Structures are given as structure tokens and as C-alpha cells.
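Participant: One structure is given below, represented as C-alpha cells, and several questions about it will come after.
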Amino acid sequence: MTFIANAPFLPLPELRKVQQNNWAQQRQHLSGSEFYRRHHPAAPFLFPLDLEDIAELPLTDKEMLRADQSVHPPFGSYLGFPSDRVVRLHRTSGTTGQAMNIALSSADTLMQAHIAGRSQSAAGLEPGDIVVHCLNYQLWMGGLTDHLGLESTGALVVPYGSGGSELLIRTILDVGINAISCTPSYPARLEQVIAEHFPELTPRELGLRKGFMGGEAGLDDPTFRQRLETVWGMQAMNSNYGVSDFLCNFAGQCTDQTDLHFLALDVALPELVDVNTSEPQPWRTGAEGELVLTNLSKECQSLVRFRTGDLVRLTNTDKCQCGRTAPRFRVISRTDEMIVVRGVNTYPSSVSAAVLSCPELNGEYRIRLTHKGPYDRLPLEVELKSSAYPSDNLLARLSHHIGQVLRLTVELELLTQGELPRTEGKTKRVIKEYLS
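The sequence shown runs contiguously to residue 436 in UniProt numbering.
Structure below.
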């Protein structure tokens, strides 16, 4: 099992041969798995010889993995590898359920770093850049594993982590850092720190000309990108899409377009399934569905037909002008973040676009759900720009505009700039208060 150095540029027929060869080895690797023997309803348990027949297998999801780890700690019976050869443990936060332990072998760590580096390189990170990595290093894969992906591009990486934003600004100035790896919402936090502690500076004067971002929605919106360009002088790139249980980072945009290239076709098989029926959907331009993934070259905790919970749209399967043959897609939203208001499906990404279309608002918002659906209106908090002032007339006008864009009724609350919390990690846009 191996990755191919130039895989993102290979013709698709050649990549299919690589996939099939890797699957032949992965199939052998998985053949003794207790987890998949229990999971598969048929006996005797058999993985198909041909990847074309993978849809015959049942789907796997996060809840199955959680249940398995609780009974077979610490890595679950799907570890599929000698535990004394595991060289790294990562752990999820557990904010949406039981924390998950993620195991990596030596080969897995090398493969993950290489694949992640493809995403960062496609987005423009290169030797000569100095990039500060501002994701949490504490157990989370986004810290160390993403750091190694950044390093694999040949850039100089500053391992900063999260917190201490005032010291970060001093470090950027002292070292001459020209790039940042962070969540899309983090620059808003830095703007706040600059205004409070460095009033003589503007964000643009920090010299961060490249932004390598992921972990949150927002970068698909051209208004959001333009704001970062205007305020920071930064080209913000969506360079870090991944699924921690599967691969930390395997998709990113290139410098020629704004959709995500799937950059791991040599080591992973993507599928689309209908969110409601779980039936496979055709892999072609324009298709939509939940992204389902199968590892083709992974030693620890290899997953077969894993439901990511991400609703995506395939935007192009032709060769890109950048030379990459990797198909492009766009994440619409999380399937568990869909909110239904009087029969209309809406997602945080749609709400973000509607909020950003209002010149009186600064783009910050929060959806607060006090009870389970159904909902007859969308409870939405938004922040005004410092130059705008709340009034009944403005409230009515913004409520009407956002409602028209989303095609639903909005229960809007206007907040002054800075009232919503700014975070140094992922910003939670949907608050389900009924769960707390």
C-alpha cells in the first residue's frame, strides 16, 4: 500500500489502476477485522475483489465507531493493526459526543503529511514562505498532523498553536511571517486584538499575504474572501479540508479556482450517497450527496464506506487548468446542521452568504435553537458594523432582506460590533441550547 508522488496530475485511468492495486492489498489487510465481520450482515464475510462493487458493502458511521471504542478501548476493534506498532495518538474534542482516539502507524504519519502537503501546495504554499500555524496542538490532528503537512511543502513553519494572540502579532512582526494557517474566523479575532493592543497598526501592515484556511465554512463566499483581501491584503485559500477519522487533510483549492480538489485518489475512494435513502449517486459533474470515503492505503483504523456527514456538490470532473486531474467539489454543509423552517432546508453556509450581503452587517452571526424542530422562523443574531446603529426600521429592513434571500421567516436580533464571541479555534455558528 502506497501513495504516488504525482497522483493529483495522473490521468484518471492510471489512477483507477493505482486504486485497484492498493485496494487489493487493503482488502487483505482488512480481511481479519473483527469489526467488519460483525458489521457485515452476510456470512462468510467477504470484501469485493473489484472496487466497482464496493457499494455492495454496508455503510459505516461515526456512531458505530464510538460504540466500538467504548467496548474495545482505546482504539476500537477496527484498529486492524498491532497496538504496539501505533506511534501516535490523536483525540477528538468530544463536543458532539464521546471523544474518539485516532491511531497512526509510522507509514500512516508519512502518508498523511504527504497528502496534506498536496493541498497546501495547490493553494500556493511554497519554499521561501514563512507560515505560522495557529491551530490547536493539544491532542487534535489539526495541530501536529497539519503542521507536518505544511512542512512537506518546503515552507518554513512556525508552530504557534492557539491562544496568546497578542504575542502572535509581535511574532509575526519580529520574524517577518508572510502566511498564516488558521480557521476562517480567526482573522476577526486578530482584528479585535490589533484594535485593542496595537492601535497604531492596521491588519494589512502585518504583511500576511497568504492565508491557508479550513475547518469552517465561509471561504466559498466571494464577499468574505474580498473582505480579507481588502482588510488584510491577504489571498485567503481554502487549503485544509479533511475528516479526522479518515485523513486529516485531503482536499484544497488551487490558485486557479475556488472549489476543492480531491487530492487523495491514490489512497482513498470517494462516493456520493443520497442523504435520505443512502443509495449511491452517480459520480459526475453537478451531482450532490453525502460524501462517503474508503481508505485504500492506511494501516491503523482503516475505514470502509464511511459516512462523513458532509453534503457536497461535484462541480467539475474534467482536468483543471492548473494541470490537476483531481475532481473538484464544494461542501454545501454538514448533514447534521441542516435546519428546516416551514419545509425550507437551510444551512449555516447559506445564512452566512445572506448576512454578508447586508452592507450594514460585519458578517458575524449566530443561530440559537432553544428547542428541537420543527421551526416556523429562524432565530438569528447578527452584528452591526461599527458605523451602523440599531433601529426598528433597520431591523425590519434587514429581516425582510435576509428572509427573502433564504426564502423563510427570520427572527432577527441586532447586536453591536464585538458582542458575539471571537474564538481562536473553530467558531460555532449553530447553538443548540436544548442540548445543554
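All residues carry an ideal CB built from backbone N, CA and C; glycine is no exception.
Computed from a predicted structure; not experimentally measured.
Taking 7 Å as the cut-off, decide whether the C-beta atoms of Leu156 and Ile130 are in contact.
Facilitator: Position 156 of the sequence shown, counted from the start, is the residue given in the question as residue 156. Position 130 of the sequence shown, counted from the start, is the residue given in the question as residue 130. For Leu156 and Ile130, yes; Cβs fall inside 7 Å.
Participant: At which residues does the beta strand (DSSP E) containing Met338 begin and terminate?
Facilitator: Start at 1 with the first residue of the sequence shown, and residue 338 comes out as number 338. Taken as a continuous stretch (DSSP letters only), Met338 belongs to no beta strand (DSSP E), as it is neither H nor E.
Participant: Does the beta-carbon distance from Ile172 to Leu206 come in below 7 Å?
Facilitator: In the sequence shown, residue 172 corresponds to position 172, counting from 1. In the sequence shown, residue 206 corresponds to position 206, counting from 1. For Ile172 and Leu206, yes; Cβs fall inside 7 Å.
Participant: Since Ala123 contacts Thr255 with CB under 8 Å, what's their CB separation in whole angstroms?
Facilitator: Translated into positions along the sequence shown, residue 123 becomes position 123. Translated into positions along the sequence shown, residue 255 becomes position 255. About 7 Å; that satisfies the 8 Å criterion.
Participant: Grab me the residues of Leu398's own chain with a C-beta within less than 8 Å of its C-beta, minus the 5 sequence neighbours each way, in chain order.
Facilitator: Position 398 of the sequence shown, counting from 1, holds the residue named residue 398. Cys358, Glu360, Leu361, Val382, Leu412, Leu414.
Participant: Expressed to the nearest angstrom, what Euclidean distance is found between the alpha-carbon atoms of Val175 and Ile169?
Facilitator: Start at 1 with the first residue of the sequence shown, and residue 175 comes out as number 175. Start at 1 with the first residue of the sequence shown, and residue 169 comes out as number 169. Distance between the alpha carbons of Val175 and Ile169: 10 Å.
Participant: Does the beta-carbon of Arg189 have 16 or more other beta-carbons within 10 angstroms, so that it is buried, or is it exposed?
Facilitator: On the sequence shown, residue 189 is found 189 positions in, with the first residue counted as 1. Buried is the call here.
Participant: Within the continuous beta strand (DSSP E) that includes Asn249, where are the two ends?
Facilitator: The count along the sequence shown starts at 1 and reaches residue 249 at position 249. Here the beta strand (DSSP E) through Asn249 covers 247 to 252.
Participant: Let's see if you can read the secondary structure: which residues bound the beta strand (DSSP E) around Glu411?
Facilitator: Locating residue 411 in the sequence shown gives position 411, where the first residue counts as 1. Counting along the chain, the beta strand (DSSP E) containing Glu411 begins and ends at 410 to 415.
Participant: Enumerated in chain order, which unbroken segments of the alpha helix (DSSP H) with a length of 4 residues or greater are wholly contained in the stretch 106 to 158?
Facilitator: Fully enclosed alpha helix (DSSP H) runs of 4 or longer: 106 to 122, 141 to 151.
Participant: Exposed or buried, which one is His400 when buried takes at least 16 other CB atoms within 10 Å?
Facilitator: Mapped onto the sequence shown, residue 400 falls at position 400. Classification of His400: exposed, given that the 10 Å Cβ count is below 16.
Participant: Would you call Asn393 buried or exposed, if buried means 16 or more other Cβ atoms sit within 10 Å of its Cβ?
Facilitator: The residue you call residue 393 lines up with position 393 of the sequence shown. Classification for Asn393: exposed.
Participant: Closest by CA to Lys319, which one among Ala5, Phe75, Leu10?
Facilitator: By one-based count along the sequence shown, residue 319 stands at place 319. Lys319 has its Cα closest to that of Leu10, out of Ala5, Phe75, Leu10.
Participant: How about Pro348 and Ala217: do their beta carbons lie closer than 7 Å?
Facilitator: If you number the sequence shown from 1, residue 348 lands on position 348. If you number the sequence shown from 1, residue 217 lands on position 217. Going by C-beta atoms, Pro348 is nearer than 7 Å to Ala217.
Participant: Whether or not the stretch 45 to 52 and the stretch 70 to 86 are in contact is what I'm after, with contact meaning three or more pairs of Cβ atoms, one per stretch, closer than 8 Å; do they touch?
Facilitator: No, the stretch 70 to 86 does not touch the stretch 45 to 52.
Participant: Using only the alpha-carbon positions, how far apart do Pro222 and Leu356 sit?
Facilitator: Here residue 222 refers to the residue found at position 222 of the sequence shown. Here residue 356 refers to the residue found at position 356 of the sequence shown. Going from the Cα of Pro222 to the Cα of Leu356 covers about 10 Å.
Participant: I'd like the span of the beta strand (DSSP E) that includes Glu200, first residue to last.
Facilitator: As a working mapping, residue 200 is identified with position 200 in the sequence shown. Careful: Glu200 lies outside any beta strand (DSSP E) and carries neither H nor E.
Participant: Work out the CA separation of Leu125 and Val267 for me, nearest whole Å.
Facilitator: For the purposes of this step, residue 267 is taken as the residue at position 267 of the sequence shown. For the purposes of this step, residue 125 is taken as the residue at position 125 of the sequence shown. When rounded, the distance between both Cα atoms is 22 Å.
Participant: Taking the alpha-carbon of Phe329 as reference, which of Asp336, Glu290, Gly164 has the nearest alpha-carbon?
Facilitator: If you number the sequence shown from 1, residue 329 lands on position 329. Closest by alpha carbon: Glu290.
Participant: Whole angstroms is fine: what's the gap from Leu378's alpha carbon to Thr183's?
Facilitator: Position 378 of the sequence shown holds residue 378. Position 183 of the sequence shown holds residue 183. Cα-Cα distance, rounded: 26 Å.
Participant: Compare the Cα-Cα distances from Ser350 to each of Arg407, Gly323, Leu15 and report the closest residue.
Facilitator: Numbered from its first residue, the sequence shown carries residue 350 at position 350. Checking every option, the nearest Cα to that of Ser350 belongs to Arg407.
Participant: Touch check for the stretch 77 to 89 and the stretch 31 to 38: three-plus C-beta pairs under 8 Å?
Facilitator: Segments in contact, yes.
Participant: Would you report the Cα separation of Leu314 and Phe198, rounded to the nearest angstrom?
Facilitator: For the purposes of this step, residue 314 is taken as the residue at position 314 of the sequence shown. For the purposes of this step, residue 198 is taken as the residue at position 198 of the sequence shown. Distance between the alpha carbons of Leu314 and Phe198: 43 Å.
Participant: Measure the beta-carbon distance from Asn178 to Leu135 and round it to whole angstroms, keeping in mind my assumption that it falls under 8 Å.
Facilitator: Position 178 of the sequence shown holds residue 178. Position 135 of the sequence shown holds residue 135. Incorrect: roughly 18 Å between the Cβ atoms, too far for contact.
Participant: Output the distance between the C-alpha atoms of Gln404 and Leu380, rounded to the nearest integer angstrom.
Facilitator: Along the sequence shown, one-based indexing puts residue 404 at 404. Along the sequence shown, one-based indexing puts residue 380 at 380. Each residue's Cα considered, the two are about 14 Å apart.
Participant: Taking the DSSP output, what are the residues bridged to Ala179?
Facilitator: Counted from its first residue, the sequence shown places residue 179 at position 179. For Ala179, which the question treats as bridged, DSSP gives the partners Val131, Lys210.
Participant: Would you mind sorting Gln19 into buried or exposed? The rule is 16 or more other CB atoms within 10 Å of its CB.
Facilitator: For the purposes of this step, residue 19 is taken as the residue at position 19 of the sequence shown. The residue is buried, with at least 16 neighbouring Cβ atoms inside 10 Å.
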